[in-house]
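When we follow the numbering used here, the leftmost residue of the sequence shown carries the number 92, and every step to the right adds one.
The C-beta atom is built at its ideal place from N, Cα and C for all residues, glycine as well.
To start, the structure under review is shown below, and the notes come after it.
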Amino acid sequence: MSCVVAQPALDVQAIRRDFPILSQRVNGKPLVFLDSAASSQKPTAVLEAMNHAYCTAYANVHRGVYALSEAATAAYDAARAKIAAFIGTPEPECIVFTRNATEALNLLAYSYGRAFLREGDEIIITELEHHANFVPWMVLARERGLTLKFIPIREDGLLDLEALDALITPRTRLVSFAHVSNVLGTITDPAPIVERAHAVGAVVVVDGSQSAPHMPVDVRAMDCDFFVFSGHKMLGPTGIGVLYGKRELLEAMPPFLTGGDMISYVGFDGVRWNDVPLKFEAGTPAFIEAIGLGAAVDYLQALGMSAVRAHEVEITSYALECISTLPGVRLFGPLDPNRRGGVVTFAVERIHPHDLASLLDQEGVAIRAGHHCAQPLHQRLGVNATARASFYIYTLPTEVDALVRAIERARVILRRA
Ligand code: C6P
């Protein structure tokens, strides 16, 4: 089998030259990195942007009235504006920097959840959520006497949105769901959920951890109330994530963490919070990482997010086609590549995913094995663990071939052929 596309969406060979790590060998074999859903690799442009900031404009932001601090602050603000534009909001003030998507979701549960949700209110999430969009709501629900409900998944891996009418009630205050599942790849159209949630006055949180890196996102068109994602899955560094929120909601919310930078006045008589977004950014922020994320956004925008998505559809289609021909392999998630992101999760009959991943590693192929921080989903699927290959802008069809060869070899070694 071979992947022949008339006009590929991306020049992957040229892109790979920007990622020095990809040219190394692992266990004597060329590295085949198929774990970008966990964290992506970084192009030199991002590393150089951070290095440049450290070498030329490093000083704490929002504090100094000297040139270096002002330069650092300007670079930090410019990164915020780029990220705002990247997800379709003209208001950089609606972008709150967090450590990652997990922190952004916890911020919402602590701040919005504890200020605005009352006993008997309902939160709706889905059966396919990552723990980051599950545990904070479960903890909040238990603490405040809220009801937590789940939109079920269908056999084909899509969400059963017909169940929404029965789930959403006038007591529903918040609906939160993954735009793209990190296990099934399922893409969920936010429109019907946003419409029904808003009809009862509930707010909508979209976990964009697996969508923002891979496809065009427009939070205004989506009309979601909050949107979260992590920088490290989209070519950026670790330690920087984003919470987008509608301005009036962010303004009404109490702070999550308190301390320096998030106040406009502190005296023995009390405190006044700073304006958004600084109200939510207590302490010295990860501004170098924000600058790195700004450079990542520049890199992705130069490729074009539609082209990024088109490449993902090409490579995912090819992987689904190849893996589905292997005997004893069960594929999870929708089979239509237009309805899924760039993750292919599978199980090989009578081989534990961890054993499989170790044997693949011997061939230089890096995949993730386990429950991928989605244990409830795995319970729902009736398996303890799965294997997952995930793709990005630098993934070549020949790497999918290497994956398939390595799975076949693993089956032979474990005498299950
Ligand atoms: N999923 C994966 O291998 P953090 O860890 O905060 O950057 O991202 C959390 C998160 C939230 N939602 C979704 C849909 C995610 O996929 C993730 C991270 C990685 O699938 C690491 S567990």
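| Check | Outcome |
| --- | --- |
| Identified DSSP bridge partners for residue 172 | Bridge partners of residue 172: none, in fact. |
| Residue nearest to residue 248 in terms of C-alpha spacing, selected from 466, 436, 445 and 482 | 436 |
| Residue 121 - partner residues in DSSP beta bridges | 116 |
| Residues of its chain near residue 508, where Cβ-Cβ distance is below 6 Å and the 5 sequence neighbours each way are ignored | For residue 508, the predicted model reports a pLDDT of 49, less than 50, meaning its position is unreliable and no value from the coordinates is stated. |
| Residue 459 CB to nearest heavy atom of ligand 1 below 7 Å | yes |
| Three-pair Cβ contact test at 8 Å for the region 128–137 versus the region 411–426 | no |
| Closer than 7 Å: residue 464 CB and nearest ligand 2 heavy atom | This structure does not include ligand 2; its bound ligands are ligand 1. |
| Per DSSP, the bridge partner or partners of residue 279 | Residue 279 pairs with nothing; no bridge assigned. |
| Three-pair Cβ contact test at 8 Å for the region 315–326 versus the region 144–156 | no |
| Euclidean distance between Cα positions of residue 408 and residue 107 | 21 Å |
| For residue 356, the first and last residue of its enclosing beta strand (DSSP E) | 354–358 |
| Near ligand 1: residue 305 beta-carbon under 7 Å from a heavy atom | no |
| Three-state class that DSSP yields for residue 501 in the structure shown | helix |
| Residue 365 Cβ short of 7 Å to ligand 1 heavy atom set | no |
| Sub-8 Å separation of residue 449 and residue 125 beta-carbons | no |
| Cβ contact (3+ pairs, closer than 8 Å) linking the region 347–354 and the region 106–121 | no |
| Same chain, Cβ closer than 7 Å to residue 428, five either side skipped, listed in chain order | 404, 407, 408 and 411 |
| Residue 217 vs residue 241 beta-carbon contact at 8 Å | yes |
| CB of residue 399 within 8 Å of CB of residue 340, strictly | no |
| Within 8 Å, strictly: CB atoms of residue 457 and residue 444 | no |
| Those runs of the alpha helix (DSSP H) which lie wholly inside the region 390–446 and span at least 4 residues | 396–415 |
| Simplified DSSP assignment, three categories, for residue 508 | The predicted model places residue 508 with a pLDDT of 49, which falls under 50 and marks its position as unreliable, so this point remains unresolved. |
| Segment contact, 8 Å Cβ cut-off, at least three pairs: the region 243–259 with the region 184–203 | no |
| C-beta contact flag for residue 138 and residue 394 at 8 Å | no |
| Nearest-angstrom Cα separation, counted from residue 310 out to residue 464 | 26 Å |
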